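Enquirer: Under our numbering, the first residue of the sequence shown is numbered 5, with each subsequent residue one higher.
Backbone N, C-alpha and C fix where the C-beta goes; we use that ideal spot for every residue, glycine too.
Remember, predicted model here, so these are calculated numbers, not experimental data.
Take this structure, written in structure tokens, and hold onto it; I'll ask about it next.
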Amino acid sequence: MFLSCEKLELQVVSEVASHCTVCVCLQHGNDIDLKPLGSRQMHRQSFTVHSGVDPSGDLLFLEVREDGLVLRSVNGTIVERWWFERLVNMTYSPKNRVLCLWRRNGGQTQLHKYYTKKVILAGTAVCGVIGSFT
5 MFLSCEKLEL QVVSEVASHC TVCVCLQHGN DIDLKPLGSR QMHRQSFTVH
55 SGVDPSGDLL FLEVREDGLV LRSVNGTIVE RWWFERLVNM TYSPKNRVLC
105 LWRRNGGQTQ LHKYYTKKVI LAGTAVCGVI GSFT
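Laid out in structure tokens, this is it:
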């Protein structure tokens with residue numbers, strides 16, 4: 005008895021599906037290793053910052069990651085994400101405790117100022133990551 009190519013393919017697919025079903029039943033838990041994004045795998049530092057030049061501004065969390073900066077609100081939602089390719093300049097003033105970030109947005113360069121008590125640590129963390137990035 006001869007089987008047509010379509011019936012043979014269907015039989016092979018059916019056998020493979022049956023084998024996969026048996027294998028899945030034998031697994032304990034989720035045995036599939038999913039690889040997260042690189043920025044989620046890397047070590048990151050977080051700093052509490054206030055938008056503006058004094059502590060009266062909105063409280064935010066600045067995450068320094070390997071590929072950029074992430075600003076989160078108090079409830080954890082991402083407010084802004086800046087890739088280091090768009091960051092033009094970064095300075096900080098230990099006396100005023102202000103971190104200044106210049107970001108290229110379209111054809112304009114925007115200045116963003118953030119107040120933080122740990123301005124030296126935040127500034128050196130950003131400089132360290134930018135130094136290893138370039």
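Which of helix, strand or coil does DSSP assign to S19?
Expert: Position 15 of the sequence shown holds residue 19. Residue identity differs from the one stated: residue 19 is Glu in this sequence, not Ser. E19 falls in the helix class under three-state DSSP.
Enquirer: For T120, name the three-state secondary structure that DSSP assigns.
Expert: The sequence position of residue 120 within the sequence shown is 116, counting from 1. T120: coil per DSSP, three-state reduction.
Enquirer: Specify, as a first and last residue, the run of the beta strand (DSSP E) that T95 falls within.
Expert: Locating residue 95 in the sequence shown gives position 91, counting from the first residue. Residues L91 to S97.
Enquirer: Apart from the five residues just before and just after Q112, which ones in its own chain have a Cβ nearer than 7 Å to its Cβ?
Expert: The residue you call residue 112 lines up with position 108 of the sequence shown. Nothing listed; no residue qualifies.
Enquirer: CB R69 to CB L91, shorter than 8 Å?
Expert: Indexing the sequence shown from 1 puts residue 69 at position 65. Indexing the sequence shown from 1 puts residue 91 at position 87. No, the Cβ-Cβ distance between R69 and L91 is not below 8 Å.
Enquirer: Between the Cα of R48 and the Cα atoms of D58, L64, S60 and L73, which residue gives the shortest distance?
Expert: Position 44 of the sequence shown, counting from 1, holds the residue named residue 48. Of the listed residues, the one whose Cα sits closest to R48 is L73.
Enquirer: Taking C-alpha atoms, which residue in L115, D71, G110 and N100 lies nearest to G132?
Expert: For the purposes of this step, residue 132 is identified with residue 128 of the sequence shown, where counting begins at 1. Measuring from the Cα of G132, the nearest candidate turns out to be D71.
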